[in-house]
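Visitor:
Residue numbers (my numbering): 2 to 52.
1. DSSP state of residue 45, grouped into three classes?
2. When the Cα atoms are used, what is the spatial distance from residue 26 to residue 42?
3. Report the rounded CA-to-CA distance for residue 13 versus residue 19, giving the unit in angstroms.
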């Protein structure tokens, strides 16, 4: 499998995708962002924690 030809959403496990999409931060800050803007938004984050 070549990562370059893989849809990026499949590089993260389903349970993690679900947690991200259900988070308040995603719903308020990231929903509807284009791919290039998600990278910009990610650079603004100060903490990266799983819950």
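Glycine included, C-beta positions come from ideal geometry on N, C-alpha and C. On a predicted model such as this, the values are computed, not experimentally measured, just so you know.
Guide: According to the data block:
1. Taking the chain shown and counting its residues from 1, one reaches residue 45 at position 44. If DSSP states are grouped into helix, strand and coil, residue 45 belongs with the helices.
2. For this step, residue 26 is matched to residue 25 along the chain shown. For this step, residue 42 is matched to residue 41 along the chain shown. Those two C-alpha atoms are separated by around 11 Å.
3. Position 12 of the chain shown, counting from 1, holds the residue named residue 13. Position 18 of the chain shown, counting from 1, holds the residue named residue 19. Cα to Cα, the separation comes out at about 10 Å.
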